[in-house]
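K.L.:
Numbering (the numbering used here), first residue to last: 2 to 321.
1. So what's residue 86 in DSSP terms, helix, strand or just coil?
2. By DSSP, does residue 34 sit in helix, in strand, or in coil?
3. Taking 6 Å as the limit between beta carbons, can you name the residues of its chain near residue 272, skipping five residues before and five after?
4. Looking at the secondary structure, which residues open and close the alpha helix (DSSP H) in which residue 100 lies?
5. Would you give the residue range spanned by the beta strand (DSSP E) that residue 165 belongs to?
6. Secondary structure at residue 223, three-state DSSP: helix, strand or coil?
7. Within the continuous alpha helix (DSSP H) that includes residue 182, where are the two ends?
8. So, helix, strand or coil for residue 215, using DSSP?
9. Fully enclosed by the stretch 249-297, which beta strand (DSSP E) runs are 3 residues long or longer?
10. Leaving out five residues before and five after residue 75 in sequence, what residues of the same chain have Cβ atoms less than 6 Å from its Cβ?
11. Taking the C-alpha atoms as reference points, what is the distance between residue 135 and residue 153?
12. Can you say whether residue 12 is buried or exposed, counting buried as having 16 or more other CB atoms within 10 angstroms of its CB?
13. With 16 other CB atoms within 10 Å as the buried threshold, where does residue 132 fall?
14. Can we say the stretch 219-229 touches the stretch 294-310, given the rule of at least three CB pairs closer than 8 Å?
15. Between the Cα of residue 92 and the Cα atoms of 113, 109, 143 and 245, which residue gives the shortest distance?
16. Could you tell me if residue 141 is buried or exposed, where buried requires 16 or more neighbouring beta carbons within 10 angstroms of its beta carbon?
17. Buried or exposed for residue 162, going by 16 or more other Cβ atoms inside 10 Å?
18. Which class does residue 150 belong to by DSSP, given the choice of helix, strand or coil?
19. What does residue 202 pair with, by DSSP beta-bridge criteria?
20. Using 8 Å for Cβ pairs, my map puts residue 248 next to residue 229. What's the rounded Cβ distance?
21. Output the residue ranges of the beta strand (DSSP E) runs that lie fully inside the stretch 12-84 and measure 3 residues or longer, sorted by chain position.
22. With burial defined as no fewer than 16 other Cβ atoms inside 10 Å of the residue's Cβ, what is the status of residue 73: buried or exposed?
23. Opposite residue 117 in the DSSP bridges: which residues?
24. Would you identify the three-state DSSP class for residue 170, choosing helix, strand or coil?
25. Are the CB atoms of residue 145 and residue 121 within a distance shorter than 8 Å?
26. I need the DSSP call for residue 94, collapsed to helix, strand or coil.
27. According to DSSP, is residue 245 part of a helix, a strand, or is it coil?
28. Just to confirm the assignment, what range does the beta strand (DSSP E) spanning residue 4 have?
29. For residue 141, would you say it is in contact with chain B, using Cβ-to-Cβ distances shorter than 8 Å as the test?
30. For residue 196, list the residues DSSP reports as bridge partners.
31. Taking residue 125 as the reference, which of 193, 261, 85 and 210 has the closest Cα?
32. Identify the continuous alpha helix (DSSP H) that holds residue 318 and give its terminal residues.
33. For the stretch 35-45 against the stretch 104-119, are there 3 or more C-beta pairs whose distance is under 8 Å?
34. Taking C-alpha atoms, which residue in 129, 55, 270 and 49 lies nearest to residue 291?
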């Protein structure tokens, strides 16, 4: 399989790139390196430093090589930043992506795996399935849903699987790539910083209607997610289809539960305090992955919270 990957210098894009190469596939990456790291890009991959909206340079790439499928990861993903700069997120996550996809189709590449987000569901306070109503709460999630809807309108002309990620964590098992330890914004990175930089860990809101007052998330290890991408690609290479699939384990952990487990793994006690709620924060986000499992026969391999946190911590220690 010859794969074109956008955003392959990012956390998930690079993890999937390494995974595909390990399985014997060819990988070409395009990334403008605005948020990704050149260090994440596999040496065996072909890399082009370009923006996904640069039609002229993209056409040159398509003219040189034929691609079986496109994995589209390129996007801005900071939920809080999107609230401050909504136009920036609309431009990057929708307008540029739309230009890119149209250019792919023009060049007779019509098979896509799209990296979307569970944030499109909004607050549901239950396990969510793909048929649930969508209520994105931030410019980030709205921009991702807008591209989903664009792809749906193109469904007669393309084969596509939209993957809605729940909270992705962990690192490549060989520690070749992982999340950005310098600029990232997520719970586990903040915990790592609290331990190694002696910072106070802030829990954003402690009075939610949950078992311990803190928000709950369904976490999925990036290596399990990488396998889902390959299984999904195999499906649309075999037959014409358009599917939307949840990517999670089907159960969640609260912030305080994550904190307690992290303290055991790091062998340090994180000092924390309860801060203000974040604007547009989702209270409970848990997937129903039955459709994914039925369609792909996927079986999670790294769904142990201790392993997930340890692999995150190992990556952090290597790159801090």
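All C-beta atoms, glycine included, are put in the ideal place defined by N, C-alpha and C.
For clarity, every value in this text was computed on a predicted model and none was experimentally measured.
P.N.:
For this structure:
1. Secondary structure of residue 86 (DSSP, three-state): coil.
2. It is coil, neither helix nor strand.
3. Excluding its 5 nearest sequence neighbours in each direction, residue 272 has C-beta neighbours in its own chain below 6 Å: 201, listed in chain order.
4. DSSP places residue 100 inside the alpha helix (DSSP H), whose first and last residues are 97-107.
5. Here the beta strand (DSSP E) through residue 165 covers 160-166.
6. Residue state, collapsed to three classes: helix.
7. Taken as a continuous stretch (DSSP letters only), residue 182 belongs to no alpha helix (DSSP H), as it is neither H nor E.
8. If DSSP states are grouped into helix, strand and coil, residue 215 belongs with coil.
9. Residue ranges of uninterrupted beta strand (DSSP E) with 3 or more members, entirely inside the stretch 249-297 and ordered along the chain, are 273-276 and 285-288.
10. In the same chain as residue 75, and ignoring 5 residues on each side of it, the C-beta atoms closer than 6 Å to its own belong to 7, 8 and 53, in chain order.
11. Spanning the two alpha carbons is a distance of roughly 15 Å.
12. The residue is buried, with at least 16 neighbouring Cβ atoms inside 10 Å.
13. Under this definition residue 132 is an exposed residue.
14. Output reads yes: the stretch 294-310 touches the stretch 219-229.
15. Ranked by how close their Cα comes to the Cα of residue 92, the residues 113, 109, 143 and 245 have 143 in first place.
16. Taking every protein chain shown into account, the CB of residue 141 has 16 or more other CB atoms within 10 angstroms, so this residue is buried.
17. Buried, since its Cβ has 16 or more Cβ neighbours within 10 Å.
18. In the displayed model, residue 150 falls within a helix according to three-state DSSP.
19. For residue 202, which the question treats as bridged, DSSP gives the partners 273.
20. The C-beta distance from residue 248 to residue 229 rounds to 6 Å, short enough to meet the 8 Å contact threshold.
21. Fully contained in the stretch 12-84 are the following beta strand (DSSP E) runs of length 3 or more, in chain order: 27-31, 47-49 and 70-73.
22. Label assigned to residue 73: buried.
23. Per DSSP, the beta bridge partners of residue 117 are 165.
24. Annotated three-state conformation of residue 170 is strand, per DSSP.
25. In this structure, residue 145 lies closer than 8 Å to residue 121 by Cβ.
26. It is helical.
27. Strand at residue 245.
28. Looking at the DSSP string, the run of the beta strand (DSSP E) that includes residue 4 is 3-7.
29. In the structure shown, chain B does not exist; there is a single protein chain.
30. Residue pairing by DSSP places residue 196 opposite no residue, since no beta bridge is assigned to it.
31. Ranking 193, 261, 85 and 210 by CA distance to the CA of residue 125 puts 210 first.
32. Taken as a continuous stretch (DSSP letters only), the alpha helix (DSSP H) holding residue 318 covers 306-320.
33. Short answer: they don't touch.
34. Ranking 129, 55, 270 and 49 by Cα distance to residue 291 puts 129 first.
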